[in-house]
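Comments concern the structure below.
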Amino acid sequence: MAKTILAIDDSASIRQMVGFTLKSSGYEVTEAVDGMDGLEKAKGKTFNLILTDQNMPRMDGLTLIKMLRAMPQYKTVPVLMLTTESSDAMKQQGRAAGATGWLVKPFDPQKLVEVVKKVIG
Amino acid sequence: MSIDMSQFYQVFFEEAAEHLDSMENLLLTLDIGSPDAEQLNAIFRAAHSIKGSSGTFGFTDLADVTHILENLLDRIRKGEISLREDMIDAFLAAGDVLKNLLASHQGDGEADRAAAAAICGRLRKLTEDAAAPAPALAAPILVASAVLPAPTFLGETGLDVFFQLDGHANAEAAEGTLDNLVAELAGQGEVRIAGRAASADHAWHLQLIGQPDAETVRGILEFVARNDSIRIASLGEASSADDGAYGFFDDAPVGAPSARTDEDSFGFFEPLPPVAEANKPVDAADGSYGFLVDTLPKPVAEVPAVPPPSEPAAPRPVENEAQHEPRRAVPTTKAMASGDTSIRVGVDKVDQLINLVGELVITQAMLAQSASQVDPVEFERLHDGLIQLERNTRDLQESVMSIRMLPISVVFSRFPRVVRDVAQKLGKQVELKLSGENTELDKGLIERISDPLTHLVRNSLDHGIEAPEIRAEKGKQPVGTITLKAYHQSGNIVIEVGDDGAGLNRTKILAKARERGINVHDQMTDQEVFALIFEAGFSTADQITEVSGRGVGMDVVRRNIAAMGGRVEIDSMLGVGTRMTVRLPLTLAILDGMSVAVGRETYIIPLGYVIESLQVEPGMIKSVSGVERLIQVREEYLPVVTLYEIFRVPGAVTKLESGIMIILEADGVKAALFVDAMVGQHQVVIKSLESNYRRVPGVSGATIMGDGRVALILDVSMLVSIARTILPAAA
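Chains as they are written, first to last, in our numbering: chain A, 1 to 121; chain B, 1001 to 1731.
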C-alpha cells in the first residue's frame, strides 16, 4: 500500500508541485493550506510522513509540530519542515518542537523525493 | 525522474499576483507612526511567500528582489528598524518591479532589469542607512548570529560523531570495538550512543557531552573507523546534508525503528556519508571528511544550497555579501480565506457554460412558443412541464451568470495606490473613501471598467480637489475626500466617483464650448452643460498637467462606458464638489430589450435607452425643407430617426401617424425612433455579430428569438448620433 504523506503549505504553487512530485513517485499525498488545516487533516488518519512549511497564516509549522507531537498517534511519525529559513536559530526551534528534519526552500523535485525516500522509503 | 516545473507556473503567477496586490493594499493602509504588527507580518509573509515559490520555480530575478525586500521587512517587523515614509515608497516601487518581472515571465512585456537592480540597491541602502544610526544595538547582534559557531542544543555543548567501523562485518565484534572506543572517548566527556549501526555499512552516532576536542576525538576514531566515514560536528548541527539543504534532527521523536525494516533501522537518520557520496561524487573519494569538518561549524545560512549538477536552473536567491543577516522564521497568524473551498477554473470554460445556457434559454423559449399554439387543457401536463422548465432554466441561467460575477473590490483595490501617487505628484492631500466594494459585477465588465474609472478618479484629483492652501482659504478641510461607491439599482450597477472639490463651473464650460465651436446655448440644463466635458478635445484646466493630460480621455471614458452598455452622468455644485455616476448593466451577456417590428423584421432596443413610446398626432410633426424630420413632444423638439430608411426595410409603415415613436436617450441626447409597432419586452442573450458575421453600423449585436428567427440589437448611441446630424440641418 502506498505510503501516505500530508503536505502543508500556504502557497498553492508549492503545494501543487510537492503533491505532483510525490504522487509521481508513488506516494499518496494529502494537501493542507495551513497549520490549522493540517492539524485537522492529521486528526482524520495517521500519515506516514508530514511535510510542513514554517511561515503560514493561522498556524505556523512549529506550532503544528508541537501540537502533533502531543497527539499519541504522531509521537513517532517523521515530520520534515520545508522552509526558506536555514538559520541555526530556526533549527534549534525545529528540534525543540520535535521536527525530524528540514529541507531548505527552494528545493527541486528530485531533492524532495530523495529526502522523502530517505525518511520513509 | 524529472518533473516539468512549467506546469506549476500558472498557479504560481496567480498566487504571486495575489500576494503583490495584498502587499500593496496593506502598505497603503499602514500607519507609519505606529504600524500594526499584524499588518507588518502579513506584508512580510507576502514577500516571503513570493520569495519561496519564485525560488522553487526558478524565477531567480523575482527571488532576488523579494529576498532583499523580505530582509528589510523582517527587521522592521522585529522592531530593529523603524518604518519611514520613504520605505513605503520603496516597497511600493519594489511591488511594481515585481509585477513587471512577473508579467515578463508570463510573456507580457519586457523585464526591466535596470529597475530591478535599482530597487535592490535602494532597498539595500535603506537597510544599511536605517541600521547605521543604532550600530551598538543592531550590528553586533547580526554579526554575532552570523558567525556564531554551531549552537548548543538544550544548553548542552559537545560533539556529534559519526563513523563506520573498519572491517567489522560481524555485529558482535563491532559491539566489542565500540565498548573500547566509548571507554577511550570517556576522557573527552560524557559519551552517549545516539545511534547504533545495524551492519558494517551503516554509521554509528555518538554524542560527546562536555568540552571535547574534535581533533583528539578524530585521532581516537581513526584507529577503529574508516577514515573517510568519520564526521564530527558540534552538537545540534549534526546530520545535515553537506550543502545544508536539508537535515534530520537525530534525537527528535521519529518513527525510524518501527517504520523501517530491520537492516536499515536508523541509517537514514544519519544520511551523511551516503548523501555526501551521492551529491559530491568528486569529493567523496578523497577530501570529504576534511571538508565536512571545516564546513559544518559555519552557520548553515551562509552556505547556499548548491544545485545538484543535474538541475542547472535550480534557483537560489542571491546573497548580498554586505548583509550577513540571518533569516529566521517568526510565527505569525492571520486569518485567511480558506484555500480549499474554491476552485480555479479557466474563464473559457465558464464562458462556454454561459453560451450553452444561452442556447438552452433560446430552446426553452422556442418550446414555449410552440406550446402556446396547442390547447392548454388537453395538454395540461405539457404546459406544467414547460412552466417548470422555464423556471429551472431561469434559475440555471442566474447561477451560471453568478460564476462570472466578481466583487468590484477587484477594481477598487487599485485606487488607494492611484490616489496616493497622483496626490503626491500634485501636492494635494486626499483621503479616499470606498463603499460597496462587495457589489458584484460581470468579470468582463470588471476588466473594462477599470480604465475609465481610473480616469475619472484622476480627473477628480486633478481638476476637482483643490490644493491644500486653496481649500484652507475657502474654509474647507485641507484634506480633500474622494468617494468611490458601488451599488445595485434597478438592474444596474451604479458606480459613483465623488469629490468635495471645486465643482464644475457652468459659465466657464459654456465659454470654453463656444471657443471650441461646440453648439451650445444658455438654456441647456446643468446636466447637458456638464456632459460637454466628455466632448473630444474639451478641457477647462488652465494648465495642462501630467496627470490628466489635455482633455484627451474624458471622451474616451464616455465611449468606453457606452460600449459596455452603460452611461455616465455628472452632478456638480460650484465650490462644493462633483459626482460622476456610471451606470452599467449587470452583465454583458444578457440584455433587457424591447422588441419592435419594422416591416417583417424584428429589432431589439436595449431597454436602458428607452424613455417612452407614443403615437404621433398630426400636429406634432414639423417638417424641415419639406421632409418630416422633427416631432414636438411636450416642450421639446426631437429629431426623428426612421428605422425603415436606415436599414432599407421593405414593406414598412411609412406614414408617421400610423406607426409608433420610441423616444430614446443616449449620451444625453434624445431622439425619436420611428417603428411600425412595439412587440414586447424580453431578456435576450447577446450574440456578437462581429465574431459571427461582421460589424454593421447601427447594430451592436444579434439575438435569437423564441421562434428561432434572428433579431438585430440596435446600437442606440449610433442611431442618436445620426439624429444629431439631422438636428443642425434642421435648425
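Where a beta carbon is used, it is the ideal one built from N, C-alpha and C, also for glycine.
It should be emphasised that the depicted structure is a prediction, and the values quoted were computed from it without experimental measurement.
Review point. Taking Cβ positions, are B:G1517 and B:G1577 nearer each other than 7 Å?
Key: On the second sequence, residue 1517 of chain B is found 517 positions in, with the first residue counted as 1. On the second sequence, residue 1577 of chain B is found 577 positions in, with the first residue counted as 1. Contact flag unset, no.
Check your understanding: Can you list the beta strand (DSSP E) stretches of 3 or more residues lying completely in the stretch 1426 to 1466 of chain B, in chain order?
Key -> 1430 to 1435, 1440 to 1442
Check your understanding: Hey, does A:I14 have any beta-carbon neighbour from chain B nearer than 7 Å?
Key -> Reading the first sequence from its first residue, position 14 is the one you call residue 14 of chain A. It does: the Cβ of A:I14 has a partner Cβ on chain B nearer than 7 Å.
Point to revise | Inter-stretch contact (C-beta, 8 Å, three-pair minimum) for the stretch 1607 to 1625 of chain B and the stretch 1699 to 1711 of chain B | key: In short, these stretches do not touch, since the Cβ pair count stays below three.
Practice item. Classify B:I1646 as helix, strand or coil using the three-state DSSP reduction. Key: Position 646 of the second sequence, counting from 1, holds the residue named residue 1646 of chain B. Residue state, collapsed to three classes: helix.
Practice item. Taking A:V119 as part of the alpha helix (DSSP H), name the residues at either end of that continuous run. Key: Along the first sequence, read from residue 1 onward, the residue named residue 119 of chain A stands at position 119. Per DSSP, A:V119 belongs to the alpha helix (DSSP H) from 109 to 120.
**Study point:** Residue of B:I1570, B:L1584, B:M1580, B:S1342 minimising C-alpha distance to B:I1446
**Key:** Working through the second sequence from its first residue, we reach residue 1446 of chain B at position 446. For B:I1446, the nearest C-alpha among the options comes from B:L1584.
**Study point:** Identified DSSP bridge partners for B:H1019
**Key:** Along the second sequence, read from residue 1 onward, the residue named residue 1019 of chain B stands at position 19. In the DSSP output, where bridge partners are listed per residue, B:H1019 has none listed.
Practice item. Could you work out which residues of chain A lie near B:Y1246, taking near to mean beta carbons separated by less than 8 Å? Key: The residue labelled residue 1246 of chain B in the question sits at position 246 within the second sequence. Ordered by position in chain A, the residues that pass the 8 Å Cβ test against B:Y1246 are L80, G101, W102, L103, V104, F107, K111, V115.
Exercise for review: From the DSSP output, in three-state form, read off B:Y1603 for me.
Suggested key: Working through the second sequence from its first residue, we reach residue 1603 of chain B at position 603. Of the three classes helix, strand and coil, the one that applies to B:Y1603 here is strand, per DSSP.
Review point. Using a Cβ-Cβ cut-off of 7 Å (strictly less than) and excluding sequence neighbours within five positions of B:K1024, which residues of its own chain qualify?
Key: As a first step, residue 1024 of chain B is located in the second sequence; it is residue number 24 there, counting from the start. Inspection of the sequence shows that residue 1024 of chain B is occupied by Glu rather than by Lys. For B:E1024, where only same-chain residues beyond five positions count, the Cβ hits under 7 Å are L1092, G1095, R1417.
**Study point:** For B:I1362, three-class secondary structure by DSSP
**Key:** Here the question's residue 1362 of chain B lines up with position 362 in the second sequence. Note: B:I1362 maps to helix in three-state DSSP.
Check your understanding: Smallest Cα separation from B:T1481: which of B:Q1489, B:Y1487, B:P1468, B:E1473?
Key -> Taking the second sequence and counting its residues from 1, the one referred to as residue 1481 of chain B is at position 481. For B:T1481, the nearest C-alpha among the options comes from B:P1468.
**Study point:** Anticipated Cβ contact below 8 Å, A:V122 with A:L62, distance rounded
**Key:** In this structure chain A extends from 1 to 121, so residue 122 of chain A is not present and cannot be described.
Practice item. Would you please verify whether the beta carbon of B:I1003 is less than 7 Å from any beta carbon of chain A? Key: Residue mapping note: residue 1003 of chain B aligns to position 3 of the second sequence, counting from 1. By this cut-off, B:I1003 is an interface position.
**Study point:** Collapsed DSSP secondary structure at B:H1048 in the structure displayed
**Key:** Position 48 of the second sequence, counted from the start, is the residue given in the question as residue 1048 of chain B. Helix.
Practice item. Name the residue from A:P78, A:I8, A:D37 whose alpha carbon lies nearest to the alpha carbon of A:V119. Key: Residue 119 of chain A sits at position 119 when you count from the first residue of the first sequence. Out of A:P78, A:I8, A:D37, A:P78 has the C-alpha closest to the C-alpha of A:V119.
Point to revise | CA nearest to the CA of B:I1570, picked from B:I1621, B:E1617, B:V1497, B:I1561 | key: As a position in the second sequence, residue 1570 of chain B is number 570, starting the count at 1. Closest option to B:I1570, Cα to Cα, is B:V1497.
Check your understanding: So, are the CB atoms of B:F1162 and B:H1205 less than 7 Å apart?
Key -> Counting from one through the second sequence, the residue named residue 1162 of chain B turns up at place 162. Counting from one through the second sequence, the residue named residue 1205 of chain B turns up at place 205. In this structure, B:H1205 lies closer than 7 Å to B:F1162 by Cβ.
Review point. Which chain A residues are close to B:R1045, counting only those with a beta carbon under 9 Å from its beta carbon?
Key: Your numbering for residue 1045 of chain B matches position 45 in the second sequence. Those within 9 Å of B:R1045 in chain A are D10, N55, M56, P57.
Point to revise | Residues, ordered as in the chain, of the stretch 1012 to 1024 of chain B that lie near chain A by beta-carbon distance below 7 Å | key: F1012, E1015
Exercise for review: Indicate whether at least one CB of chain A lies closer than 7 Å to the CB of B:H1048.
Suggested key: As a working mapping, residue 1048 of chain B is identified with position 48 in the second sequence. Yes, B:H1048 counts as interfacial toward chain A.
**Study point:** DSSP bridge partner residues for B:I1704 (one or two, in chain order)
**Key:** The residue given as residue 1704 of chain B occupies position 704 in the second sequence. Residue pairing by DSSP places B:I1704 opposite B:V1710 in a beta bridge.
Exercise for review: Note down, in chain order, each residue of its chain lying with its Cβ closer than 8 Å to the Cβ of B:I1032, except the 5 sequence neighbours on either side.
Suggested key: Stepping through the second sequence from its first residue, residue 1032 of chain B is reached at position 32. A distance below 8 Å between beta-carbons, with the five flanking residues on each side excluded, links B:I1032 to the following residues of its chain, in chain order: L1083, R1084, E1085, I1088.
Exercise for review: Measuring alpha carbon to alpha carbon, tell me which of B:D1499, B:F1249, B:R1226 ends up nearest B:S1234.
Suggested key: Mapped onto the second sequence, residue 1234 of chain B falls at position 234. Nearest option by C-alpha distance: B:F1249.
Exercise for review: For B:E1190, count neighbouring Cβ atoms within 10 angstroms of its own Cβ and tell me buried if that reaches 16, exposed if not.
Suggested key: In the second sequence, counting from the first residue as 1, residue 1190 of chain B sits at position 190. Counting Cβ neighbours within 10 Å, B:E1190 comes out exposed, since fewer than 16 surround it.
Check your understanding: Which one of B:E1535, B:K1508, B:A1423, B:E1635 has the shortest CA to CA distance from B:R1558?
Key -> Translated into positions along the second sequence, residue 1558 of chain B becomes position 558. It is B:E1535.
**Study point:** Rounded straight-line distance, which links the Cα of B:Y1246 to that of B:L1072
**Key:** The residue labelled residue 1072 of chain B in the question sits at position 72 within the second sequence. The residue labelled residue 1246 of chain B in the question sits at position 246 within the second sequence. Computed Cα separation, rounded: 26 Å.
Review point. Interface residues of chain B around A:G94 at Cβ under 8 Å?
Key: Position 94 of the first sequence, counting from 1, holds the residue named residue 94 of chain A. Here the neighbours are F1249.
Exercise for review: Within the same chain, show all residues whose beta-carbon is closer than 6 Å to that of B:E1601, passing over the 5 residues directly before and after it, in chain order.
Suggested key: One-based indexing of the second sequence puts residue 1601 of chain B at position 601. If the five residues before and after B:E1601 are omitted, its C-beta is found closer than 6 Å to the C-beta atoms of V1649, all from its own chain and listed in chain order.
Review point. Going along chain B, which residues have a C-beta under 8 Å from A:M17?
Key: As a working mapping, residue 17 of chain A is identified with position 17 in the first sequence. Here the neighbours are I1003, M1005, F1008, T1056, F1057.
**Study point:** Inter-residue Cα distance where the pair is B:K1099 and A:R58
**Key:** Along the second sequence, read from residue 1 onward, the residue named residue 1099 of chain B stands at position 99. Along the first sequence, read from residue 1 onward, the residue named residue 58 of chain A stands at position 58. About 27 Å.
**Study point:** Simplified DSSP state of A:Y27, which is helix, strand or coil
**Key:** In the first sequence, counting from the first residue as 1, residue 27 of chain A sits at position 27. Reduced to three states, the DSSP call for A:Y27 is coil.
Point to revise | chain D contact for B:S1053 (CB, 7 Å cutoff) | key: The structure shown contains no chain D; its protein chains are A and B.
Review point. Are B:A1810 and B:L1026 touching if we call contact CB-CB under 7 Å?
Key: Residue 1810 of chain B falls outside the range modelled here, since chain B spans only 1001 to 1731, and no answer is possible.
Point to revise | Buried versus exposed, by CB contacts within 10 Å (16 or more), B:S1688 | key: In the second sequence, the residue the question calls residue 1688 of chain B occupies position 688. The residue in question, B:S1688, is exposed, as its Cβ has fewer than 16 Cβ neighbours within 10 Å.
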